[in-house]
Each structure stands twice: as structure tokens, then as C-alpha cells.
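Below is one structure; the comments refer to it alone.
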Amino acid sequence: MIRSQLKNVLDACFEEGITEGLWSDKATGKFTVELPKHEGQGDFSTNFALVLAGIEKKNPREIAGQISAKLTKVTELVERVDVAGPGFVNVFVKPQVWCALIPQILDTAEQFGTSDVGARRKVIVEFVSANPTGPLSIGHGRQAVLGDSIARLLEVTGHDVFREYYYNDAGRQMRVLGESTRARYLELIGAPFEFPEDGYQGEYIIDIAKSLVEEHGDSLKDYQDVSPFKKQAEQFIFNDISGTLARMGIKFDNYYNEQSLYTDGHIDDVVNELRQKGLVYEKDNATWFKTTDLGQEQDRVIIKSSGEPTYRLPDIAYHREKFRRNFDWLIDIFGSDHIATVPDVLSGVSALGYDPSKVTVVLHQFVTLTRDGKQVKMSTRKANFVTVDELIDEVGVDPVRFFFMMRKADSQLEFDLDLATKQSQENPVYYVQYGFARLCAILRQAEEKGVAIPDFSDVDSSLLVEPEELNLLKTMSGFPQVIESSALDLAPHKVIFYLMELAGQLHSYYNKHKVLTDNVPLSGARLCLIRAIQVVLKNGLNMVGISAPERM
RNA sequence: GCACCCGUAGCUCAGCUGGAUAGAGCACCGGACUUCGAAUCCGGGUGUCGCAGGUUCGAAUCCUGCCGGGUGUACCA
Numbered sequence: 317m318i319r320s321q322l323k324n325v326l327d328a329c330f331e332e333g334i335t336e337g338l339w340s341d342k343a344t345g346k347f348t349v350e351l352p353k354h355e356g357q358g359d360f361s362t363n364f365a366l367v368l369a370g371i372e373k374k375n376p377r378e379i380a381g382q383i384s385a386k387l388t389k390v391t392e393l394v395e396r397v398d399v400a401g402p403g404f405v406n407v408f409v410k411p412q413v414w415c416a417l418i419p420q421i422l423d424t425a426e427q428f429g430t431s432d433v434g435a436r437r438k439v440i441v442e443f444v445s446a447n448p449t450g451p452l453s454i455g456h457g458r459q460a461v462l463g464d465s466i467a468r469l470l471e472v473t474g475h476d477v478f479r480e481y482y483y484n485d486a487g488r489q490m491r492v493l494g495e496s497t498r499a500r501y502l503e504l505i506g507a508p509f510e511f512p513e514d515g516y517q518g519e520y521i522i523d524i525a526k527s528l529v530e531e532h533g534d535s536l537k538d539y540q541d542v543s544p545f546k547k548q549a550e551q552f553i554f555n556d557i558s559g560t561l562a563r564m565g566i567k568f569d570n571y572y573n574e575q576s577l578y579t580d581g582h583i584d585d586v587v588n589e590l591r592q593k594g595l596v597y598e599k600d601n602a603t604w605f606k607t608t609d610l611g612q613e614q615d616r617v618i619i620k621s622s623g624e625p626t627y628r629l630p631d632i633a634y635h636r637e638k639f640r641r642n643f644d645w646l647i648d649i650f651g652s653d654h655i656a657t658v659p660d661v662l663s664g665v666s667a668l669g670y671d672p673s674k675v676t677v678v679l680h681q682f683v684t685l686t687r688d689g690k691q692v693k694m695s696t697r698k699a700n701f702v703t704v705d706e707l708i709d710e711v712g713v714d715p716v717r718f719f720f721m722m723r724k725a726d727s728q729l730e731f732d733l734d735l736a737t738k739q740s741q742e743n744p745v746y747y748v749q750y751g752f753a754r755l756c757a758i759l760r761q762a763e764e765k766g767v768a769i770p771d772f773s774d775v776d777s778s779l780l781v782e783p784e785e786l787n788l789l790k791t792m793s794g795f796p797q798v799i800e801s802s803a804l805d806l807a808p809h810k811v812i813f814y815l816m817e818l819a820g821q822l823h824s825y826y827n828k829h830k831v832l833t834d835n836v837p838l839s840g841a842r843l844c845l846i847r848a849i850q851v852v853l854k855n856g857l858n859m860v861g862i863s864a865p866e867r868m
């Protein structure tokens, strides 16, 4: 936030230089204010001189001198300006400017870090979308956390967020599920049975079959229709899935059933509309979507010769419905194995007259589990756990969420079970949470000692002079920016990295400087600082759905 | 074959959309609790940023071509 203040100042100096004839306006919007990597390069630096020198064909050091003379005059913000290297202008900000951040944080409290950049844009985030054929797997877990955190971040940055789970309870998969359940049922009551070839092998099918035996005895024995089996399975599995999601603190605004696309006629609509545009034709008894007309390499089947649509058609119809429901931004979280649908859906909606640039697809790579330094094989067999529930049982909700967010979506994610279960030093979740708990402990201690936490207006903030204190303030001033960019980039991992950084600075500070001392004014100032850090850590954790425990 | 993603320290990964001397965690070694919680801190790094070109004041970052890995490329979802 101080960075943007400085940018405004720099822009003003730039304008001033134009009227003075020092340079033209060609560089408008080209230069930036950055955070230098190394000590001694100031609190902020700007490439102003380098950019202008390139455009104006002048000596960068000369321009650097001119701009730094102007910046130096802004005494309420700037302490000192250096010109370094090829022409970087390094700005040192007055310590009081950093300290002024404390009351801002304390006053805005849980609002600190929120913004309205979203301008109440309506955004729909579709994620998980697993069909109810079994418990959520590790891959779904990553997607669930990713989608939910993205949704949370969009919410705090001023978007109107709608979370949706898309599923299909018809189709082949579900039929096989029903048949598997029936087979287990017949097995349980001792009747002859035949397990379907691609049937679902999991234990949970047996549990479902047991429930049917309890409810109906053997009265379903001669039932030819699979639907009672299917229905029971679906209900059980959905219960299981939503239970898992609830454990992770995830709620959906809507579960969208693919079936409704058929019953409401949207599937036929889409085909007809595409046909009218000359983008649909029949060949080999199937119906094809002429995607070669839309820049793709080959045409795609949308209705099989059996009369059943392929997955593409409902996907396109579903996205069209999202557009028709007036969302401004459509975000899909998919596993990378679904990448093939993306071009088809985008071609489809764009052929139907909607703007494909309003669709953003976040593709995440796979998750592997490691234990004892070795990869855990993820077979459908038992022995090794593969469900999110089992993962949560072993490591806890917060570590699960945290670890799933530690990597950007593009990267494969290695989930280190040994690290996640350690309640110590190495575990980054506890590292951050412990930072928060520690601050709570200090404040409890203050209360016990009868030390009042002063109002910031009664505090002499010039007492906060330690480098660790100023660094903490600098880091905290970047928090709103971090939240905004991780929201707009749909990249929660940035928040995680930020929190580790902030917690690290806090722990260093804690070990070097004591907050509660006999020096009352100093303790007062530090207590205010402590409370500010507490706010930022808590907000950061909560914004990505992780708890901030006061004691651990 | 084609499309997308990845290739950065022993391992797992960041790197703010082009900036200065490339970072963190883990692992390993050595230190710090009569003091606000040691789930913490302090010290210890000799990396061809996969390779080769190109763009420019400047490239891990952008472009092209290779190499290696993953995923997809169905009338499966």
C-alpha cells in the first residue's frame, strides 16, 4: 500500500518533468516501483531512469539524478534517494511512514487485506465435480482445496462468488455402480451373482449393499431394474463426499445435475443451434461438431451412433447455461486429465455467441504421496489409503489444506506424509500457526501482568526502530497486494509463501527482542505491533481456509 | 506425430509477468531455554536456472529449435 503511494508520487514527478520539458510523455505507464532483493538497495526501487533513457535516448544516470532530486523533496514520505548500478533509483522511506501502518491495520482489523477490485463481478467457480461413484480421492482433494481457496480469495477481493459442483448421476458409470451394488447385495444374501467386468471393487460398495439388506432383507433379490441399487449407492456416496467436504470447511452453493440439461431441452437446443450455423453434420451414423471450422485439428463426435451424447455436448451446454445465468467470469478447476475438454468447450461457447475469454480454466497436475521418502502406490486396492478422508484422519484438516496449496496448480504436488504429520520444527503449517499462537501467548501474559494494551494514539511509534520491526511492517504493508494478486491470478500458493515469510520474521523478532519489559512506553509500542501482526496472520490463514488457533 | 504442463541447490519447490550479487523449506553439521511458549532462533551453499541460438541497456523470466519427464490426443468422463 505504501508502494502504491510512492507510485503516485513518482507519477506526479513524471508529469512535472514533462511540463518542465525534461522528457516527453512517451514512457507513461511503462516504469514500475519494485521491491529490491538486497539490503542497501532501499525500501523501494524504480526502473524509471532506465526505461526513460531507452525511450528518450539519454543517459540513464542523468535522468536518475533528475528524478531523485524531485523525489527527495517529498519529505513526508521519503528519507533519502540513491542512484545505483546502471541507473536504478532506490528510495528509502521514513520509518514513521511504516509505523503509520499499525493503526490502519488495527482499525480495519479483519477487513485488512480485503479490497473491492472485483467490483462485485459475478463469478462462478466450478470444482470437484466428481460423479458419485466413490469417495473423494487425493486428486479431488487438491482440487477441492484449490477451488475453495480461490473462491475465498475472490470473495475477499470484492467478487460475488458462486460455488458449483457439477455431476452426472445417469450414464454408464452410474449404471455400473448400480450393478456392482446389486452384485454385492446378492452376494450378501447368498444368492448367485455375477460381478460386472469393470465393476467398482471398493469396500464401500459392500457397506452400501449391507444397508440394503438391513432395509429390505432379500426382497430385492429378483429385481431386474438396477435403479434401487443405484439410488442407494448414489445417496450413500454423496453423503460421504459432502461429509468429507464439510470436514475441510467446503460448502457449495449449488449441485448442478447434468440430467437437467436433457430434461430442460438444453442439449437439443445446443445441437440445433450449432446445426443452424452449419457446424454440425452426420457421418458414420454419428453426429459431429465441425471444430475444424473453429481452428482445431479434427472434428469431434458429439452424439455417438448409439444415440448417446459424448461428454463434450453436455459440457458445452452446461457452460452455455453458466453464461445465460449471467456470470461475468466462469472459472473451472479441472484435473489435467480433463484438458481435452477445454478446447471443445471454448469452441462450443464461442460458436454459440459467447465470449470465451470470460472462461478461465485452472488445470492442476497430479498429487503423489510419499512416506519414508518413497512414493505410496495409489492402487484401488486397500492397504494404501487413497481417500481424502483417510488423509485427513492421518494428518488433520489444516495440514491437508496447507499442503495442497503449497504448490502452484501447474506443478505436480508431492505430499510428504512424514512432514505433514510432524508436530514440530519442520512442518510449515505449524510454523505459521505457532507464530499466531505465540502472539496470543504474549497478549495473555500482558493481561496477567496487568499491562494494558495502549491505544495507538497514545503510543510513541518512534520507539519502533529495530530493523526486525521495520521489516515486519514492510512485509505487512505488502499483504493487500499479495491477496489481490493471488486472487486475480487464481494462485493461493502465493498466500502460503507470504505467510511463511511473515511467520519467519516474527519468530526471529521474538527471539531477539522482548515485548514485555520494564520500559512501559516501548512495551506499549511493541504490543501494538504484535497485535497488528496477529491481525495479518489470522486474516491470511482464514482467507485460505486455515484456522488460527490461539493455543496449540 | 500433434497439443498443454513441467525441467532452478542432494530432495521438494518459489521467483512479484524483463531488472542489480538467483531464493525458501526439508535433509545434514555446530551452537542458544533460571527471561513473553524451544512446534522457536542463530551460524554453515562451489547452482552450466535442461541444451543451443535469438530479441535488448539487461533474460531463470519473452521468441524459435532441440533433449528429458508428465498428461491428453476415443463414438470413456
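Just so you know, the numbering used here puts the end of the first sequence at 868, numbered straight through with nothing missing.
Ideal Cβ positions, reconstructed from N, Cα and C, are used throughout, including at glycine.
Endpoints, beta strand (DSSP E) assigned at residue i
i: Asp648; result: Trp645 to Gly651
i: Gln797; result: Counting along the chain, Gln797 falls outside any beta strand (DSSP E), though it belongs to the alpha helix (DSSP H) covering Phe795 to Leu804.
i: Asp732; result: Leu729 to Asp732
Under the three-state DSSP convention, the category residue i falls into
i: Trp414; result: helix
i: Ala699; result: Low per-residue confidence applies at Ala699: pLDDT is 40, beneath 50, and the placement is therefore not dependable, though the value from the model is reported in the following sentence. Coil, per DSSP.
i: Glu355; result: coil
i: Val836; result: helix
i: Arg687; result: strand
i: Ser445; result: coil
i: Arg479; result: strand
i: Phe360; result: strand
i: Glu519; result: helix
i: Ser340; result: coil
i: Val811; result: helix
i: Glu350; result: strand
i: Val692; result: strand
Proximal residues to residue i (C-beta, below 6 Å), its chain only, five neighbours per side dropped
i: Ile371; result: Lys342 and Ala343
i: Thr676; result: Ile647
i: Cys756; result: Glu866
i: Gln575; result: Ala486
Same chain, Cβ closer than 8 Å to residue i, neighbours up to 5 away in sequence not counted
i: Lys854; result: Glu426, Phe752 and Ala864
i: Lys386; result: Cys329, Glu332 and Gly333
i: Thr696; result: With a pLDDT of 49 at Thr696, under the threshold of 50, the modelled position of that residue is not reliable, and the figure given next carries that caveat. For Thr696, where only same-chain residues beyond five positions count, the Cβ hits under 8 Å are Gln517, Gly518 and Val702.
i: Phe428; result: Gln420, Ile421, Phe795, Pro796, Val851, Val852 and Asn855
i: Val716; result: Gly457, Val461, Met564, Val704, Leu707, Ile708 and Ala736
Residue environment, residue i, which counts as buried when at least 16 other CB atoms sit within 10 Å
i: Phe509; result: exposed
i: Lys373; result: exposed
i: Gly861; result: buried
i: Ala848; result: buried
i: Arg488; result: exposed
i: Asn555; result: exposed
i: Glu613; result: exposed
i: Ala446; result: buried
i: Pro837; result: exposed
i: Leu322; result: buried
i: Ala365; result: buried
i: Tyr539; result: exposed
Beta-carbon proximity list for residue i, same chain, < 7 Å, skipping 5 on both sides
i: Ala699; result: Caution applies to Ala699, whose pLDDT of 40 falls short of 50 and renders its modelled position unreliable; the value that the coordinates give is listed next. None.
i: Val542; result: Arg491, Gly494, Glu495 and Arg498
i: Leu735; result: Glu742 and Asn743
i: Asp359; result: Val407, Phe408, Val409 and Lys790
i: Asn787; result: Gln821
Segment limits, alpha helix (DSSP H) that includes residue i
i: Phe719; result: Val713 to Met721
i: Phe364; result: Phe364 to Glu372
i: Thr657; result: Thr657 to Ala667
i: Thr676; result: No alpha helix (DSSP H) contains Thr676, which is instead part of the beta strand (DSSP E) from Val675 to His680.
i: Val860; result: No alpha helix (DSSP H) contains Val860, which DSSP labels as neither H nor E.
i: Met490; result: Gly487 to Leu504
i: Phe330; result: Ile318 to Thr335
i: Asp464; result: Ile454 to Val472
**Prompt:** Taking only runs of the beta strand (DSSP E) that begin and end inside the segment 552-636, which ones reach a length of at least 3 residues, in chain order?
**Reply:** Entirely contained in the segment 552-636, the beta strand (DSSP E) runs reaching 3 residues are, in chain order, 570-573, 596-599, 602-605 and 616-619.
**Item:** beta strand (DSSP E) runs contained entirely in the segment 384-438, provided each spans 3 or more residues
**Value:** The beta strand (DSSP E) runs lying completely inside the segment 384-438 and spanning 3 residues or more are 394-400 and 404-409, given in chain order.
**Asked** Hey, which unbroken runs of the alpha helix (DSSP H) at 4 residues or more fall wholly within the segment 742-787?
**Response** DSSP runs (the alpha helix (DSSP H)) wholly in the segment 742-787: 744-764.
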